[in-house]
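Asks:
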Amino acid sequence: PQVADQKTLAKQIYEAYLKNFNMNKSKARTILTGKTSTPPFVIHDMETLQLAEQTLVAKMVGSSGALLNKDAEVRIFHCCQCTSVETVTELTEFAKSVPGFSNLDLNDQVTLLKYGVHEALFAMLASCMNKDGLLVAHGSGFITREFLKSLRRPFSQMMEPKFQFAMKFNSLELDDSDLALFVAAIICCGDRPGLVNVPHIERMQESIVNVLHLHLKSNHPDNEFLFPKLLQKLVDLRQLVTEHAQLVQEIKKTEDTSLHPLLQEIYRDMY
Amino acid sequence: KEKHKILHRLLQNSSSPVDL
Numbered sequence: 626p627q628v629a630d631q632k633t634l635a636k637q638i639y640e641a642y643l644k645n646f647n648m649n650k651s652k653a654r655t656i657l658t659g660k661t662s663t664p665p666f667v668i669h670d671m672e673t674l675q676l677a678e679q680t681l682v683a684k685m686v687g688s689s690g691a692l693l694n695k696d697a698e699v700r701i702f703h704c705c706q707c708t709s710v711e712t713v714t715e716l717t718e719f720a721k722s723v724p725g726f727s728n729l730d731l732n733d734q735v736t737l738l739k740y741g742v743h744e745a746l747f748a749m750l751a752s753c754m755n756k757d758g759l760l761v762a763h764g765s766g767f768i769t770r771e772f773l774k775s776l777r778r779p780f781s782q783m784m785e786p787k788f789q790f791a792m793k794f795n796s797l798e799l800d801d802s803d804l805a806l807f808v809a810a811i812i813c814c815g816d817r818p819g820l821v822n823v824p825h826i827e828r829m830q831e832s833i834v835n836v837l838h839l840h841l842k843s844n845h846p847d848n849e850f851l852f853p854k855l856l857q858k859l860v861d862l863r864q865l866v867t868e869h870a871q872l873v874q875e876i877k878k879t880e881d882t883s884l885h886p887l888l889q890e891i892y893r894d895m896y
Numbered sequence: 015k016e017k018h019k020i021l022h023r024l025l026q027n028s029s030s031p032v033d034l
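Same order as they appear, the protein sequences are chains A and B.
In our numbering, each residue carries its 1-based index in the first sequence increased by 625.
In our numbering, each residue carries its 1-based index in the second sequence increased by 14.
#1: Which parts of the segment 787-874 of chain A are runs of the alpha helix (DSSP H), unbroken and 4 residues or longer, counting only runs that do not cross its ends?
#2: If we ignore side chains and look at the alpha-carbon of each, how far apart do lysine 739 of chain A and isoleucine 891 of chain A end up?
#3: Locate the beta strand (DSSP E) running through threonine 769 of chain A, then write down its first and last residues.
#4: Which same chain residues end up closer than 8 Å to valine 873 of chain A when comparing Cβ atoms and leaving out the 5 residues on each side of it in sequence?
#5: Report the option in A:Val735, A:Thr673, A:Gly764 and A:Gly819 whose CA atom is closest to the CA atom of threonine 660 of chain A.
#6: Write down every uninterrupted run of the alpha helix (DSSP H) in the segment 709-778 of chain A whose length is 4 residues or greater and which is fully enclosed by it, in chain order.
#7: On the three-state DSSP scale, how would you describe valine 682 of chain A?
#8: Any chance the segment 825-839 of chain A sits against the segment 718-733 of chain A, with 3 or more Cβ pairs inside 8 Å?
#9: Give me the subset of the segment 730-753 of chain A whose CB atoms are less than 8 Å from a CB atom of chain B, sorted by chain position.
#10: Compare the Cα-Cα distances from valine 866 of chain A to each of A:Ile811, A:Asp847 and A:Met685 and report the closest residue.
#11: Note down the Cα distance separating glutamate 678 of chain A from leucine 643 of chain A, rounded to an integer number of angstroms.
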């Protein structure tokens with residue numbers, strides 16, 4: 626009966642993942658490997674960026690007239706924020722579908738999201754990346770790694786660490802069923818600062834991590850070290866988010882740009 | 015609670031979208 630319960634939990638979490646995220650690894654890989662009828666529009670310089678802004682992300686850029694006179698770096702930063710906000714709302718819905726999450730103290734739910742969403746976001750971002758670039762605008766665009774590196778500092782430092790993480794993470798060859806459990810494990814984490822009901826969250830975390838372990842054994846029978854490798858990725862993601870939060874604070878201080886209110890409340894007093 | 019009012023709102027009411 627215990628194994629049956631674990632399989633049910635894995636299935637519930639995978640279904641919640643497929644239902645709540647607009648993009649997933651399977652869709653992203655179909656686009657990145659050229660198996661779609663219309664390939665993504667490639668953004669590789671200022672000219673192609675402007676074209677993409679007029680078509681693919683017109684809604685994001687056009688939503689604020691204040692962006693019209695800003696330089697490319699600030700406009701790209703704004704688009705990154707829009708995508709992050711969309712993914713945070715998807716992650717919130719996903720979390721609510723994870724069995725037990727909605728029964729937690731509401732303040733603990735907030736804390737788990739505050740500390741978990743960026744780690745989850747960067748883990749899922751890897752699905753949209755290959756060594757040459759990143760899918761954007763729901764898969765309709767592809768921005769090259771070289772172009773992102775060529776932006777002026779500090780913006781040029783924003784994505785490169787995520788590419789470096791993604792290349793190592795993608796070599797583990799996880800599929801969406803693995804990622805669903807991994808993202809749930811990121812969110813249901815008992816050692817986030819300020820949690821009230823730690824034992825309740827630790828019990829949830831334990832069952833999700835057990836299910837992840839079991840699932841990896843059956844889904845990747847030839848890779849016996851996949852589970853410990855993934856546990857190490859949790860540590861790497863925490864470091865990646867700490868550095869990202871510092872960079873965002875630097876940009877906020879030194880650049881003439883605004884930070885979305887949802888991201889502001891996530892970053893405030895984070896680490 | 016005031017510090018995280020958008021997260022609170024998202025958790026309590028999924029049908030209220032966040033402006034981009």
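Backbone N, C-alpha and C define an ideal beta-carbon position, used for all residues, glycine too.
Keep in mind it's a predicted model, so treat the numbers as computed, not measured.
Replies: Working from what's here:
#1: 801-812 and 823-844
#2: 5 Å
#3: 766-769
#4: Leu884, Leu888 and Tyr892
#5: This sequence places lysine at residue 660 of chain A; threonine is not what is there. Nearest option by C-alpha distance: A:Gly764.
#6: 731-750 and 770-775
#7: Here valine 682 of chain A sits in coil by DSSP.
#8: yes
#9: Leu731, Asn732, Gln734, Val735, Leu738 and Lys739
#10: A:Ile811
#11: 28 Å
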